[in-house]
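Residue numbers (our numbering): 101 to 559.
We put the beta carbon where it would ideally sit given N, CA and C, even for glycine.
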């Protein structure tokens, strides 16, 4: 039951005897709701003044609950869990249904906002220690209750006390503070668009969970007009400086072949798959012999169903570095068919003739039969760039990441005039994502378009 019949009394000091003197021990705020007396006692006068002021301000705009003596706004604050507890409950709920990479992605979002969603920074632990505590214990359900160093335990104890109540996220300035954290790197510089979007998705998911658990009345990110915050400018297109043209790719593949006695030769066809078949690295390292149709002449075909994603031992259910899962963004058991040009057919046939396939059918294995780590691909590519590119190009982002071979493969098809709907299907994208991200020319490929424009003008 609610009532607008509210009456306030003056704050009452409470005295005690100390060393023969009468001193103030505490202060009591007293008020009545529908004739029922209520009270709250505080150790400091400023706390009592602030609490009484909030009550009087609330009484001007909303009724009070007769049982608790509080308005709804303050009652929810009293009964709601803290943001930290909610974030832990959210990751517990999501964990069983997420792939290992998905777990990492959600945790990154929670890690970005949790350190700033606190009532005060007083007594805060070192930021690096707090991040480690969140990543490896608090937001990792299987390890949360395991033994931890004392500095980690102390950091989490501080966070439990300092974390704001979930109800604080009904205030626009609190949400804006969290979004600012999503948009910033640890060095204070703006984060890359993909990192901002990933962190925001994790934060949004936790807020959606709070609504489901009736800790929030609505998701504040669903009403952006009420949040006084401007999102960072997001550049969706791939940096064209990263994307090698066909001649540069050919030089890079030959340079990969020359890295080491056996390491480079074992990987040249893998890099070729990322370019000619537009495979993601996680798709390429899991390619199996049975996935390939490799005719003696002409175009071949790859049929992809699974990937090996390197998430790390702490994030997989079996404690392995890699997790085998379905294709990204596709329903389970979906098969993606990718036609491949004769150049890749030749590379794959040569690789199979030389190295064969493993017991599980995988084509690309370390010399001990293991799964390639992402760091290995980066290291080999870095050495190949020194051989294939000019000193000036080496200093640029050109082909700086293994994933840039996939970017180049998509761009090559689009610039060759292949309809976007086919390229999107082969690459495992939607057409909208394809056109938004890959609408650019290859590095050093402007001349071809200049010639076409010259021809159109009769030059």
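Query                                                                                                                                                                              : Result
Suppose contacts are defined by Cβ-Cβ distances below 8 Å. Is residue 447 in contact with residue 342 by that definition?                                                          : no
Taking DSSP as the reference, what is the three-state secondary structure of residue 399?                                                                                          : coil
Can you find the residues in the same chain that come closer than 6 Å, C-beta to C-beta, to residue 169, ignoring five residues on each side of it along the sequence?             : 133, 138
Am I right that residue 401 and residue 437 are in contact with their C-beta atoms under 8 Å? What's the rounded C-beta distance?                                                  : 6 Å
Kindly give me the distance between the Cβ atoms of residue 435 and residue 404, rounded to whole angstroms, as I take these residues to be in contact under 8 Å.                  : 7 Å
When the Cα atoms are used, what is the spatial distance from residue 285 to residue 212?                                                                                          : 9 Å
When we look at the beta-carbon of residue 362 and count the other beta-carbons within 10 Å, is it buried (16 or more) or exposed?                                                 : exposed
Starting from residue 127, follow its DSSP beta bridges and name the residues at the other end.                                                                                    : 113, 142
Taking the alpha-carbon positions, what's the residue 608 to residue 200 distance?                                                                                                 : Residue numbering for the chain in the displayed model covers 101 to 559; residue 608 lies beyond these limits and cannot be assessed.
Kindly indicate which three-state DSSP category residue 108 falls into: helix, strand or coil?                                                                                     : strand
I need the DSSP call for residue 215, collapsed to helix, strand or coil.                                                                                                          : helix
Going by the CB atoms, is the gap between residue 253 and residue 57 shorter than 8 Å?                                                                                             : The question about residue 57 has no answer, for the chain in this structure spans 101 to 559.
What residue from 141, 512, 130 has the CA that sits closest to residue 441's CA?                                                                                                  : 512
Comparing alpha-carbon positions, which option in 182, 261, 237, 475 lies nearest residue 248?                                                                                     : 237
How many whole angstroms separate the CB atoms of residue 190 and residue 309, which I take to be in contact at a CB cut-off of 8 Å?                                               : 4 Å
Going by DSSP in three states, residue 182 sits in which element: helix, strand or coil?                                                                                           : strand
If you run the structure through DSSP and keep just helix, strand and coil, what is residue 318?                                                                                   : coil
Should residue 516 go down as buried or exposed, given a rule of 16 or more other Cβ atoms within 10 Å for buried?                                                                 : exposed
What is the rounded straight-line gap between the Cα of residue 304 and the Cα of residue 181?                                                                                     : 17 Å
Applying the criterion that 16 or more other CB atoms from any shown protein chain within 10 Å of the CB defines a buried residue, is residue 383 buried or exposed?               : buried
For residue 326, which of helix, strand or coil comes out of DSSP?                                                                                                                 : Note that residue 326 has pLDDT 43, beneath the 50 cutoff, so the model's placement of it is unreliable and the number below is only indicative. Of the three classes helix, strand and coil, the one that applies to residue 326 here is helix, per DSSP.
With DSSP run on the structure shown, which of helix, strand or coil describes residue 229?                                                                                        : helix
May I have the straight-line CA-CA distance separating residue 555 from residue 518, to the nearest angstrom?                                                                      : 21 Å
Which residue's Cα is closest to the Cα of residue 460: 471, 451, 453?                                                                                                             : 471
Can you tell me whether residue 456 is buried or exposed, with buried defined as 16 or more other CB within 10 angstroms of its CB?                                                : exposed
Could you give the distance in angstroms between the alpha-carbon of residue 565 and the alpha-carbon of residue 239?                                                              : Given that the chain is displayed from residue 101 to residue 559, the structure contains no residue 565 and the question cannot be resolved.
Identify every run of the alpha helix (DSSP H) within the segment 369-395, keeping only runs that are complete inside it and at least 4 residues long; order them along the chain. : 381-384
Is it buried or exposed, residue 267, if we count other Cβ atoms within 10 angstroms and call 16 or more buried?                                                                   : buried
Sort 196, 394, 503, 478 by Cα distance to residue 451 and report the nearest one.                                                                                                  : 394
Could you round the C-beta distance between residue 155 and residue 183 to whole angstroms and report it? I think they count as a contact, below 8 Å.                              : With 8 Å as the limit, residue 155 and residue 183 do not qualify as a contact, their Cβ atoms being about 24 Å apart.
Give me the residue from 445, 360, 387 with the minimum Cα distance to residue 397.                                                                                                : 445
Taking the straight line between their C-alpha atoms, what separation do you get for residue 495 and residue 443?                                                                  : 29 Å
Please tell me whether residue 126 and residue 114 are closer than 8 Å, where the distance is taken between their beta carbons.                                                    : yes
At which residues does the alpha helix (DSSP H) containing residue 485 begin and terminate?                                                                                        : 474-488
Would you give the residue range spanned by the beta strand (DSSP E) that residue 311 belongs to?                                                                                  : Run containing residue 311: none in the beta strand (DSSP E); it sits in the alpha helix (DSSP H), 293-312.
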